[in-house]
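These notes concern the structure reproduced below.
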Amino acid sequence: MSKFLSLPIVIMILLMMGPSAFLSGADDNLLPLSILSIKSPELSAIESTEIQNKLGLKTGTPINLKRLDEGIRSIVEKGRVQSLMLNAIGSAKGLELVVEVELARKLRTINISEVSPEIQNEIQLTLLNIPLGKILERGSVVTLKQAIKSAYEARGYFFVEVETVVKRIPETEMVDLLVKVKQGAPTLVTRVKLSNVGKEQSNDFRRAVSLKAGSLFTRMALENAISGLNEYFVNNQYPDSKVDETNLNFNEDKTKVEIEFVLKVGKKYQFIFIGNTVFTSDIIREWITSDVLGQPDTIHFIEGLIMEKYRAVGHHFCKVSSQSQKSEGDRVQNFSFQIE
Numbered sequence: 096m097s098k099f100l101s102l103p104i105v106i107m108i109l110l111m112m113g114p115s116a117f118l119s120g121a122d123d124n125l126l127p128l129s130i131l132s133i134k135s136p137e138l139s140a141i142e143s144t145e146i147q148n149k150l151g152l153k154t155g156t157p158i159n160l161k162r163l164d165e166g167i168r169s170i171v172e173k174g175r176v177q178s179l180m181l182n183a184i185g186s187a188k189g190l191e192l193v194v195e196v197e198l199a200r201k202l203r204t205i206n207i208s209e210v211s212p213e214i215q216n217e218i219q220l221t222l223l224n225i226p227l228g229k230i231l232e233r234g235s236v237v238t239l240k241q242a243i244k245s246a247y248e249a250r251g252y253f254f255v256e257v258e259t260v261v262k263r264i265p266e267t268e269m270v271d272l273l274v275k276v277k278q279g280a281p282t283l284v285t286r287v288k289l290s291n292v293g294k295e296q297s298n299d300f301r302r303a304v305s306l307k308a309g310s311l312f313t314r315m316a317l318e319n320a321i322s323g324l325n326e327y328f329v330n331n332q333y334p335d336s337k338v339d340e341t342n343l344n345f346n347e348d349k350t351k352v353e354i355e356f357v358l359k360v361g362k363k364y365q366f367i368f369i370g371n372t373v374f375t376s377d378i379i380r381e382w383i384t385s386d387v388l389g390q391p392d393t394i395h396f397i398e399g400l401i402m403e404k405y406r407a408v409g410h411h412f413c414k415v416s417s418q419s420q421k422s423e424g425d426r427v428q429n430f431s432f433q434i435e
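Next up, the structure:
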């Protein structure tokens, strides 16, 4: 329920009239100036008369502040009004009032135009929360607009416009909600940049990035690009590497975007197996999956994994130790596993 504002009119009138208007003997509940006219542009004649009566507003009489306050409280409790504002223009002759009222009206239909069936299906849950025959709340309209925008943004349309119109049905308390969508142009990738990595490695890593210049940009495409890079790191023995941060730089109308992947690049692991008389090195490497390389203490985990495999085929006293050695300018970490 929106707030009802009666205080601004009192403040405006006090400022216009000054202290001389409140001389000794005046009724504390009455503003001395009489009402010259009352306009309610958003209401029918019957509705306007009803609201004026509830607020105690009548041409040729002053505003009764107590009656005004009681009327506002009554309107709030009955839930008939979504918002109410009194605007006053004062002169020496009196007050001209404009009563801006948005009545709470029941929803008859929702008409959404120029929206694909796919997006219609996606926003069904939101539509179910805006029941027909019930009071149409402002918040429900805002939620529906955001749901439609989010659905389009997920598909690469970041400059979509969603227009909503609440159309009154004459002589009834019903309204129709009209929704029109202008999807605009899709967002295209203009550049993909990898940061915190040397040129040679950047060329290698770039092959794993599914987003290229000219690709349609969507949230799913971005997530796939990030997961693809992280998967590449694991599969190519970079267990300490990952996409650390993602920066998006859109142009003004969001039809173009530059993407920057800030990488945290650790050393590449290479493995040598010594003394493996039961399993070949190729078989042992097959055990070292992406899940294994993703373990917090990768090397000790691999040692335990090899011992487990050997002991499973009868080598109960198998022991595995490892040694490491850096190479290629400290970018590669060699590990040799001694199997006894």
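Going by this note's numbering, the sequence shown opens with residue 96, and the numbers climb by one from there. C-beta atoms are modelled at their ideal positions from N, C-alpha and C, and glycine is treated no differently. In this text, all values refer to a predicted model and were calculated from it rather than measured experimentally.
Spatial neighbours of residue i in its chain, beta-carbon cut-off 6 Å, leaving aside the 5 residues before and after
i      : result
Gln332 : Lys363, Tyr364
Val80  : Because the chain is modelled from 96 through 435, residue 80 falls outside the range shown and cannot be assessed.
Asn342 : Glu355
Ile158 : Leu126
Ser193 : Before going on, a small fix: residue 193 reads as Val here, not Ser. Around Val193: Lys134, Asn182.
Glu256 : Lys277
Leu118 : Any answer about Leu118 is weak, because its pLDDT of 39 lies below 50 and its placement is not dependable; what the coordinates show is given next. There are no such residues.
Ile214 : Ala246
Val360 : Val292, Ser336
Ile184 : Glu191
Ile205 : Leu272
Close-in-space but distant-in-sequence residues of the same chain around residue i (CB under 7 Å, 5 per side omitted)
i      : result
Lys188 : Leu131
Gly166 : Lys149, Leu150, Gly151
Ala242 : Ile218, Thr221
Lys161 : Asn124
Asn319 : Ser305
Helix, strand or coil at residue i [DSSP, three-state]
i      : result
Ser376 : helix
Tyr327 : helix
Ser417 : strand
Asp386 : helix
Asp164 : helix
Gln332 : coil
Arg250 : coil
Ile170 : helix
Lys240 : helix
Arg286 : strand
Glu340 : strand
Lys229 : coil
Phe412 : coil
Lys294 : helix
Phe366 : strand
Leu311 : strand
Ala316 : helix
Euclidean distance between Cα positions of residue i and residue j
i      : j      : result
Gly251 : Ile401 : 47 Å
Leu273 : Ile207 : 6 Å
Val292 : Thr238 : 42 Å
Ile378 : Asp335 : 24 Å
Gly174 : Ser139 : 18 Å
Arg200 : Val176 : 8 Å
Gly120 : Glu142 : Its pLDDT being 42, under 50, Gly120 is placed unreliably by the model, and nothing is read from it.
Val465 : Lys229 : Residue 465 is absent from the model: the chain starts at 96 and stops at 435.
Leu202 : Glu266 : 14 Å
His410 : Asp392 : 24 Å
Ser416 : Asn330 : 23 Å
Ser40  : Ser305 : Outside the shown range of the chain (96 to 435) lies residue 40, about which nothing can therefore be said.
Glu398 : Thr313 : 42 Å
Glu435 : Phe412 : 8 Å
Leu317 : Phe254 : 18 Å
Alpha helix (DSSP H) segment containing residue i, residue limits
i      : result
Asn371 : Element bounds for Asn371: n/a, residue is neither H nor E.
Glu403 : 393–407
Ser143 : 140–150
Glu256 : Counting along the chain, Glu256 falls outside any alpha helix (DSSP H), though it belongs to the beta strand (DSSP E) covering 256–263.
Gln428 : From DSSP, Gln428 is part of no alpha helix (DSSP H) but of the beta strand (DSSP E) over 427–434.
Glu223 : First, the amino acid is wrong: residue 223 is Leu here, not Glu. Per DSSP, Leu223 belongs to the alpha helix (DSSP H) from 219–223.
Boundaries of the beta strand (DSSP E) in which residue i is found, first to last residue
i      : result
Ala183 : 176–185
Leu192 : 190–198
Leu126 : 125–134
Glu353 : 351–359
Ile207 : 201–208
Glu347 : Premise fails: Glu347 is in no beta strand (DSSP E) and is neither H nor E.
Pro157 : 157–159
Lys362 : No beta strand (DSSP E) contains Lys362, which DSSP labels as neither H nor E.
Leu273 : 269–277
Contact test: residue i Cβ vs the ligand GDP heavy atom, cutoff 8 Å
i      : result
Asn330 : Annotation note on the ligand GDP: not contained in the displayed structure, which lists no ligands.
Own chain residues within Cβ distance below 8 Å of residue i, not counting five before or after
i      : result
Ala303 : Gly323, Leu324, Glu326, Tyr327
Thr375 : none
Leu358 : Leu289, Ser290, Asn291, Val292, Phe300, Leu324, Ser336, Lys337, Val338, Asp339
CB contact below 9 Å: residue i versus chain C
i      : result
His410 : The displayed structure is made up of one protein chain only, and chain C is not part of it.
Spell out a yes or no on whether the segment 273–290 and the segment 134–154 are touching, meaning 3 or more CB-CB pairs, one atom from each, closer than 8 Å. The way I'd put it, the segment 273–290 doesn't touch the segment 134–154; fewer than three beta-carbon pairs between them come closer than 8 Å.
Meets three-Cβ-pair contact criterion under 8 Å: the segment 279–288 and the segment 238–252: Two segments are said to touch when three or more pairs of C-beta atoms, one from each, lie closer than 8 Å; by this definition the segment 279–288 touches the segment 238–252.
For the segment 253–267 against the segment 220–228, are there 3 or more C-beta pairs whose distance is under 8 Å? Judged by Cβ distances under 8 Å, the segment 253–267 makes no contact with the segment 220–228, as fewer than three pairs qualify.
contact_flag[the segment 344–361, the segment 282–289] where n(CB pairs < 8 Å) is 3 or more: They touch, by the three-pair rule.
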